[in-house]
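Visitor: Numbering (the working numbering), first residue to last: 594 to 783.
Next up is a structure, given as structure tokens.
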């Protein structure tokens, strides 16, 4: 009973509405019982979801496999090792995330410079600068950005090089990454 009560409370706190139940057939308090019941409930939840874009909460995470030299001041950094791409908003061929629904989003990135190279970059919303980033020129220095952004469906977000006339080298091998996710709907204040 305690196992199923815990699961019900867990899903109630996360806002998931369920019409399924779980119960322990093994000893109470055993981790395997909780794990098995949670997995069973998640499978049932996923089987009930429709493919509607409005129900999918976009999220992506990608990292650089290899090192990248940036010599063009407006080159978009393409993170090609995509590990999460819910809603298919991130395009690995362009390095651009396109919002599939209106709302508040969170984005973060880590840019890791090579041996004394400083890397100047920026996070853009559509074609406009949103925030600047800069990895220091010490040996193997990294820079991290973390931002909240209001987006409309179709808005684009990406990382762009910003040092005109410089060649900056970004370390790959999963040291540099870019990710984001849908955080919340925004109600209009009409």
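Glycine is no exception: its CB is placed at the ideal position from the N, C-alpha and C atoms.
Keep in mind it's a predicted model, so treat the numbers as computed, not measured.
Write down the C-beta distance between residue 692 and residue 682 rounded to the nearest angstrom, noting that I regard them as a contact closer than 8 angstroms.
Guide: 6 angstroms
Visitor: So, are the CB atoms of residue 767 and residue 712 less than 8 angstroms apart?
Guide: no
Visitor: So residue 723 and residue 717 are supposed to be a Cβ contact under 8 angstroms. How far apart are they, rounded?
Guide: That belief holds up - the Cβ atoms of residue 723 and residue 717 are roughly 6 angstroms apart, short of 8 angstroms.
Visitor: Assess, as a yes-or-no matter, whether the region 670–685 is touched by the region 648–661 under the definition of 3 or more beta carbon pairs within less than 8 angstroms.
Guide: yes
Visitor: Should residue 697 and residue 657 be called a contact, given that it needs their Cβ atoms to be closer than 8 angstroms?
Guide: no
Visitor: Looking only at DSSP bridge pairs, what is residue 736 linked to?
Guide: 704
Visitor: When you compare each of 663, 655, 685, 708 to residue 754 by their alpha carbons, which one comes out closest?
Guide: 663
Visitor: Can you tell me the Cβ-Cβ gap for residue 737 and residue 703, rounded? I've got them flagged as a contact below 8 angstroms.
Guide: 5 angstroms
Visitor: Nearest-angstrom Cα distance between residue 743 and residue 759?
Guide: 32 angstroms
Visitor: Starting from residue 778 and walking both ways along the beta strand (DSSP E), at which residues does that stretch end?
Guide: It is not in any beta strand (DSSP E) - residue 778 carries neither H nor E in the DSSP assignment.
Visitor: With a floor of 3 residues, list each beta strand (DSSP E) that falls wholly inside the region 680–704, ordered by position along the chain.
Guide: 689–691
Visitor: Check whether the Cβ atoms of residue 685 and residue 752 sit closer than 8 angstroms, and answer yes or no.
Guide: no
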